[in-house]
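Add 79 to the 1-based position in the sequence shown for our numbering, that's all there is to it. Don't be surprised by glycine CBs; every beta carbon is placed ideally from N, CA and C. On a predicted model such as this, the values are computed, not experimentally measured, just so you know. To keep things clear, I will list the structure first and then write my remarks on it.
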Amino acid sequence: MKTLSPYALGATLYMPATREDLLDVVFRNKLPELRSLVVCLEDAVADIDVATALSNLDNLLAAIHQRGGRPADGPLLFVRPRDSEMAAVLNEWTLIAHVNGFVVPKLSMRNLDAWEQAMTNPDLLLMPTLETHEVYNPGAMVELGQALKANLNHRIIALRIGGNDLMGCLGLRRNPATTLYSTPMSYVIPMLAGVMGSQGFALTAPVFEQLATPHLLKQELELDIAHGLVGKTAIHPSQINIIQDALRVSLEDLNCAKLIVNDMTPAVFKHNNAMCESATHYKWATNILERAKWQGVKQAEVTGSEQPIRLAEAGR
80 MKTLSPYALG ATLYMPATRE DLLDVVFRNK LPELRSLVVC LEDAVADIDV ATALSNLDNL
140 LAAIHQRGGR PADGPLLFVR PRDSEMAAVL NEWTLIAHVN GFVVPKLSMR NLDAWEQAMT
200 NPDLLLMPTL ETHEVYNPGA MVELGQALKA NLNHRIIALR IGGNDLMGCL GLRRNPATTL
260 YSTPMSYVIP MLAGVMGSQG FALTAPVFEQ LATPHLLKQE LELDIAHGLV GKTAIHPSQI
320 NIIQDALRVS LEDLNCAKLI VNDMTPAVFK HNNAMCESAT HYKWATNILE RAKWQGVKQA
380 EVTGSEQPIR LAEAGR
C-alpha cells in the first residue's frame, strides 16, 4: 500500500457526489491548484439523492478508468460514505481502486467495529472524522486513539476535526465575526492536538464556513498552524489558495529546521535570537521540512514571486 504524507493534503475541498463537474476537477481542468478532494455521499447529499449520487460516483470512476487512471499531478481523491453499510458496498467496487481512500464520518468507539468490518480493502487509506459528543471527553479520545493504532494505524493519513458537528453537539453555531477559537473549540482543538497528536496522529482543521470574511479565515489558519494542524477543509474554491498560502513555510523556519536536523550542528545553539535545542526541537524541524516539501516556501521572502516552490516537485 502506498503511503501518503498528511502534509500533501493542503486545502481539502468537499464536493457533493451529485456534482457533474467532478471529472473536470480530478483531471485539473477545473481548480488546478487543488491538492485534495473529497467526494461526499454523507451530509452534502439529501436522502432522496443518494441513488443518484452513487450512480454519479460510479460513472466518475468508470470515466477515470477509461482514461487510464487519475493524472499523477491531480488532487488526491477520497470518498466519504454515508455510513458503514455504504462503505462495505463501495469497498467491493473494483473501480474504487482509483481513489486514495475513505473519509469516515462520525467515528467513535461505538461504531469503530462496524467501520473496520466494512473497510477491509487494505489499499484504501482512511481519514476518520472526529465530530461526535464523545470528542469532548479526553479519556474517550485516548481510548479511540489506542483502538485506531491497534488495527488501522498504517492506513490513517490524518484525523479530521469536524467543527460544525462538534458545535452542533452543544446547540451552537460559529459567530461570523470571530474565529472558531473563540468558541468551545478553543478547548477541543488543543485537547485533540495533545491527545491524538501525542499518539502520532496528524490532524486537519475544521471548515471555515464564512465566505465573506477571508481576513478571519487567515487569522484562524494562523491558530490552526500554531496548534500543529496539517491542513484545512475548504467548502468553496475561493478558500483554496488562502489555505495553501498559509500552509507555506517561512524561509526563517525552513533554515532553522535545516540547522536542527544537521548532525554537525551543536546540541544547543542560537538562531534568529532564539534558543534552539536539537533534541527537543527535532520533531518540529522534521515537520517543517515535510510541510515545506509539500506546501512550499513563502516565496515573497525570497524573490517577490507569488508562486510557491513545492519541494516535492522540485526534482520533476
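Asked, Found
"Inter-residue spacing [alpha-carbon to alpha-carbon] between R98 and R159", "14 Å"
"Extent of the continuous alpha helix (DSSP H) to which P293 belongs", "P293 to A305"
"Candidates G310, I314, Y361 and A96: closest to R335 by CA position", "Residue 335 is actually Cys in this sequence, not Arg. It is Y361 whose Cα lies nearest to the Cα of C335."
"Inter-residue spacing [alpha-carbon to alpha-carbon] between L238 and L282", "5 Å"
"Cβ-based burial, A125 [other Cβ within 10 Å; buried from 16]", "exposed"
"Close-in-space but distant-in-sequence residues of the same chain around A132 (CB under 8 Å, 5 per side omitted)", "P95, A96, T97, L120 and V124"
"Proximity below 9 Å, CB of I319 to CB of A176", "no"
"Residues of its chain near L110, where Cβ-Cβ distance is below 6 Å and the 5 sequence neighbours each way are ignored", "V104 and P316"
"Unbroken stretches of the beta strand (DSSP E), 3 residues or longer, contained in the segment 175-209", "180-183 and 204-209"
"Distance between V178 and I127 (C-alpha atoms, nearest Å)", "25 Å"
"L139 - containing alpha helix (DSSP H), residue span", "V129 to Q145"
"Between the CA atoms of N341 and E331 - distance to the nearest angstrom", "16 Å"
"Cβ neighbour criterion (16 or more within 10 Å) applied to R114", "buried"
"For I367 and C355, the rounded distance between their alpha carbons", "14 Å"
"Cβ-Cβ distance between L83 and V117 below 9 Å", "no"
"Endpoints, the alpha helix (DSSP H) within which I322 is located", "I319 to L326"
"Length of the line joining the Cα atoms of E171 and R146", "21 Å"
"Stretch pair the segment 203-217 + the segment 239-255: three plus CB contacts closer than 8 Å", "yes"
"Three-way DSSP call (helix, strand, coil) for L110 in this model", "coil"
"DSSP three-state assignment for R159, whether helix, strand or coil", "strand"
"Cβ pair I314, L295 closer than 9 Å", "no"
"Proximity to V286 [Cα-Cα], best of L300, G273 and G276", "L300"
"Distance between G273 and V221 (C-alpha atoms, nearest Å)", "10 Å"
"Cβ-based neighbour list, A167, same chain, cut-off 7 Å, excluding 5 preceding and 5 following", "A197"
"Distance CB(W373)-CB(A87) smaller than 9 Å", "yes"
"Closest Cα partner of A141 within the set L102, G153 and N108", "L102"
"Residues near L271 by beta carbon distance below 8 Å, same chain, minus five either side", "L209, V214, M220, L238, I240 and L282"
"M264 versus A325: straight-line alpha-carbon distance, rounded", "20 Å"
"Pick from L302, I321 and D303 that is closest to T292, judged by C-alpha positions", "I321"
"For S115, the residue or residues it bridges with in DSSP", "T91 and L155"
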